[in-house]
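Peer 1: Have a look at this one.
There are 2 protein chains.
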Amino acid sequence: MRKFERQLITEWRRLEMPFADRTIIIAVSGGADSISLLLAFDELKNQNKLNLRIVAAHFNHHLRGKESDEDESFIRGIVAARKIELATGHSNLSPQANIEQNARIERYDFLQQTATNIQAHAVLTAHTVDDQAETFLLNLIRGSGAQGLSSMRPIRKLGNAEPPISLVRPFLGWARRAETEVYCREFSIDYRSDTMNDDESFTRVRIRKILIPLLKDFNPNIVERLADTARLLQAELPAARESTGEPLDVSHLGSLNETELKQLLRAWISANRGHLRQIELKHIEAIERLIKSRKSGKTIELPGGQVVTKEAGRLVFGKNMVEKRGPDN
Amino acid sequence: MRKFERQLITEWRRLEMPFADRTIIIAVSGGADSISLLLAFDELKNQNKLNLRIVAAHFNHHLRGKESDEDESFIRGIVAARKIELATGHSNLSPQANIEQNARIERYDFLQQTATNIQAHAVLTAHTVDDQAETFLLNLIRGSGAQGLSSMRPIRKLGNAEPPISLVRPFLGWARRAETEVYCREFSIDYRSDTMNDDESFTRVRIRKILIPLLKDFNPNIVERLADTARLLQAELPAARESTGEPLDVSHLGSLNETELKQLLRAWISANRGHLRQIELKHIEAIERLIKSRKSGKTIELPGGQVVTKEAGRLVFGKNMVEKRGPDN
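Below is the structure:
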């Protein structure tokens with residue numbers, strides 16, 4: 008067993024995740040992070056350290072033309088060679104509407120639906136310590152408050168399916184991006200690099216390429232320190248809301264036409280709620296009015312006791328009875 | 008009443024501070040921030056908005072030779088012209104031992120002693136929104152955790168005197184550094200600028216001159232956002248410990264000789280505890296051993312129920328019975 012695999016399985020145990028008799032989905036983009044996650048789980052399975060059904064899932068956003076299809080082919084090649092099951096999904100939005108956040112909503116809806124369809128226990132994403140540090144800084148710069156600074160949690164509920172589906176990030180607590188690249192190279196696998204990474208107009212990329220290198224002049228271990236800080240905040244700030252999804256930043260919806268906006272809202276509700284049962288046009292339209300409203304704090308009730316609230320320019324999905332947990336829960 | 012003065016008195020009311028029959032000490036370095044605080048309080052008193060006894064307090068660290076004495080003369084000139092009372096103190100440490108942290112400990116001990124001597128209700132310092140943002144970033148870079156990120160609170164207890172003395176920061180919630188400069192210029196007062204500000208080897212100054220300007224490219228309002236974040240964290244994280252002082256970073260004590268180290272520890276205890284009664288050589292020596300010890304979490308008990316603990320390379324002053332407060336207190 009390689010060190011990388013040992014670290015992964017140690018974290019898997021620490022997260023109290025199952026070792027057998029379950030299905031897990033590994034979300035794969037084609038980058039070194041998600042490819043290394045898939046390879047390492049497949050290796051652990053081949054070494055009989057785990058006895059889980061592993062399904063790779065890839066969502067093709069069709070955002071970068073030929074390259075998007077090459078990503079998909081690349082992944083098809085890997086899973087075919089290793090006999091790993093694959094689920095694929097394709098974007099319904101026009102490329103110009105498919106900016107970062109909207110793309111993420113579509114992708115999470117796909118992952119959630121796939122998990123429901125195959126009765127998966129968990130969906131795994133390959134967010135690393137570096138991603139956590141970047142998320143922390145992104146939220147800090149946006150001024151998103153204490154909950155925002157607590158950044159990504161290693162496990163959260165995905166949607167509201169029964170039995171519940173977990174979104175798990177087994178790299179978040181220990182793996183650096185560079186380690187995932189080294190691991191891929193051990194298998195001579197020439198992972199894909201997202202060309203978005205080279206466009207400095209994206210804040211996250213500017214954080215990665217400009218801000219973090221400057222912060223390293225102050226503290227060479229800044230990436231680990233920021234990730235530690237997020238973890239400490241998570242321990243001190245129990246999730247105030249049973250968050251089952253990401254908030255929806257409404258300032259990013261301007262590029263959508265009527266149909267696309269409705270489609271995106273359905274995907275967002277589905278990703279947060281687990282399904283669209285009992286959701287009618289009137290609910291979607293009420294949310295559209297909420298988006299256009301200037302007031303903060305207004306609430307739309309959905310069938311099943313969920314609510315959608317607008318807070319500081321974002322739609323937030325929650326339960327109707329928000330129980331504030333005590334500090335020790 | 009000028010806008011600056013109106014903002015100051017509004018904050019003073021918000022902090023529920025007294026308007027009459029008390030003595031307050033204003034700590035004055037000679038910079039625009041502390042001079043503007045002194046001038047504005049004196050103006051408010053002259054306009055009969057406040058009826059407080061105001062005492063300026065200046066501590067001469069003798070760190071910058073002739074300039075340090077010029078700072079003192081400059082302050083003497085202002086208080087003489089305005090008939091403001093002045094208390095001055097002088098450093099006992101050798102200049103080479105008097106690095107930033109040690110200087111601060113000596114200064115706070117002086118302020119604490121002066122407040123006790125003249126039965127002052129509060130000691131005011133002129134920390135601005137900019138100082139708060141810098142403190143936030145400094146603690147973030149150091150990896151000092153959630154409490155560290157909550158940065159400076161607008162009011163805290165200074166020492167353990169009875170009746171209690173408050174350390175109050177009336178600028179922290181609203182005043183920008185540039186506003187304090189504008190206010191001084193209204194009185195044609197050519198405030199002193201600390202030459203330390205021009206030495207980029209100090210982390211805080213590098214934060215001010217390099218990191219914050221870069222962060223402004225990401226968010227032009229970053230200084231306010233960081234200060235907001237600190238305030239939100241304070242609201243979410245009630246002080247776990249009844250902190251009455253600053254922790255002491257032991258890595259900064261190497262430049263001190265035996266006598267100076269004992270002197271500094273006495274000053275630190277005095278600043279945190281309010282007095283040195285019942286403190287014997289054995290207590291000082293126990294803390295010296297604690298500093299040299301490699302273990303974290305060890306505790307030295309002091310007469311009166313206080314404890315000194317070493318945590319992550321810092322001495323922390325606390326009460327023996329640490330009561331964790333609930334989330335709503």
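The listed protein sequences derive, respectively, from chains A and S. So the first sequence is residues 8 to 336, counted in my numbering. So the second sequence is residues 8 to 336, counted in my numbering. Ideal Cβ placement from N, Cα and C applies to all residues, glycine included.
(1) Among the candidates S:149, S:61, S:260 and S:97, whose CA atom is the shortest distance from the CA of residue 1 of chain S?
(2) Would you identify the three-state DSSP class for residue 308 of chain A, choosing helix, strand or coil?
(3) I believe residue 289 of chain A touches residue 297 of chain A by the beta-carbon criterion, under 8 Å. Please report the beta-carbon distance rounded to the nearest angstrom.
(4) Using C-beta distances below 7 Å, list every residue in its chain close to residue 16 of chain S, excluding the 5 sequence neighbours before and after it, in chain order.
(5) At the level of alpha carbons, what is the spacing between residue 81 of chain S and residue 38 of chain S?
(6) For residue 147 of chain S, which residues of its own chain have a beta-carbon under 7 Å away from its beta-carbon, when the five flanking residues on both sides are left out?
(7) Using the C-alpha atoms, what's the distance from residue 260 of chain A back to residue 129 of chain A?
(8) What residues are listed by DSSP as bridge partners for residue 130 of chain S?
(9) Using beta carbons (cut-off 9 Å, strictly below), is residue 214 of chain A in contact with chain S?
(10) Can you pull the chain A neighbours of residue 226 of chain S, defined as C-beta to C-beta under 8 Å?
(11) Per DSSP, which one or two residues make a beta bridge with residue 325 of chain A?
(12) Flag residue 210 of chain A as yes if its beta-carbon sits less than 9 Å from any beta-carbon of chain S, otherwise no.
(13) Taking the C-alpha atoms as reference points, what is the distance between residue 276 of chain S and residue 187 of chain S?
(14) Name the DSSP beta bridge partners of residue 289 of chain S, please?
(15) On the criterion of 16 or more Cβ atoms from any shown chain inside 10 Å, does residue 8 of chain A qualify as buried, or is it exposed?
(16) Which one of S:286, S:258, S:211 and S:168 has the shortest CA to CA distance from residue 317 of chain S?
(17) Chain A partners of residue 272 of chain S, CB-CB under 7 Å?
(18) Counting only Cβ-Cβ distances shorter than 7 Å, please list the residues of the segment 230-242 of chain A near chain S, keeping chain order.
(19) Whole angstroms are fine: how far does the CA of residue 159 of chain S sit from the CA of residue 33 of chain A?
(20) Classify residue 208 of chain A as buried or exposed, calling it buried when 16 or more other Cβ atoms lie within 10 Å of its own Cβ.
(21) Which class does residue 100 of chain S belong to by DSSP, given the choice of helix, strand or coil?
(22) Would you give the residue range spanned by the alpha helix (DSSP H) that residue 11 of chain S belongs to?
(23) Do residue 22 of chain A and residue 177 of chain A come within 9 Å of each other at the CB atom, strictly closer than that value?
(24) Could you compute how far the alpha carbon of residue 47 of chain S sits from the alpha carbon of residue 281 of chain A?
(25) If we ignore side chains and look at the alpha-carbon of each, how far apart do residue 255 of chain A and residue 99 of chain A end up?
(26) For the alpha helix (DSSP H) holding residue 273 of chain S, just list the boundary residues, first then last.
(27) So, residue 62 of chain A versus residue 91 of chain A, is the Cβ gap smaller than 9 Å?
(28) Mind checking if residue 168 of chain A is an interface residue toward chain D, Cβ cutoff 9 Å exclusive?
(29) Can you tell me the Cα-Cα spacing of residue 231 of chain A and residue 141 of chain S, whole angstroms?
(30) How is the beta strand (DSSP E) around residue 60 of chain S delimited, first residue to last?
(31) For residue 26 of chain S, count neighbouring C-beta atoms within 10 Å of its own C-beta (all shown protein chains included) and say buried if the count is 16 or more, exposed if not.
(32) Taking only beta-carbon positions, decide if residue 179 of chain A is within less than 9 Å of chain S.
(33) For residue 250 of chain S, which residues in the same chain have their Cβ closer than 6 Å to its Cβ, ignoring the five residues on either side in sequence?
(34) Taking the CB atoms as reference points, tell me whether residue 127 of chain A and residue 30 of chain A lie closer together than 9 Å.
(35) What are the partner residues of residue 93 of chain S, as DSSP defines its beta bridges?
(36) Between the Cα of residue 278 of chain S and those of S:102, S:113 and S:85, spot the shortest distance and give me the residue it belongs to.
Peer 2: A quick look at the data gives this:
(1) The question about residue 1 of chain S has no answer here: the residues shown for chain S are numbered 8 through 336.
(2) strand
(3) Contact doesn't hold; Cβ gap of about 13 Å is too wide.
(4) 51 and 56
(5) 10 Å
(6) 156
(7) 30 Å
(8) S:32 and S:174
(9) yes
(10) 148, 149 and 150
(11) A:314
(12) yes
(13) 33 Å
(14) For residue 289 of chain S, which the question treats as bridged, DSSP gives no partner whatsoever.
(15) exposed
(16) S:258
(17) The premise fails here: residue 272 of chain S is roughly 28 Å from chain A at the closest Cβ pair, so nothing lies under 7 Å.
(18) 232, 235, 236, 239 and 240
(19) 43 Å
(20) Low local confidence applies: a pLDDT of 49 at residue 208 of chain A is under 50, so the model's placement there is unreliable, with the coordinate-based value given in what follows. So residue 208 of chain A ends up on the exposed side.
(21) coil
(22) 10-21
(23) yes
(24) 59 Å
(25) 18 Å
(26) 265-280
(27) yes
(28) Chain labels in this structure do not include chain D; the protein chains are A and S.
(29) 21 Å
(30) 58-67
(31) exposed
(32) no
(33) With a pLDDT of only 49 at residue 250 of chain S, under the threshold of 50, the placement of this residue in the model should not be trusted; the figure read from the coordinates follows. Counting only Cβ-Cβ distances below 6 Å, and skipping sequence neighbours, we find nothing.
(34) yes
(35) S:63
(36) S:113
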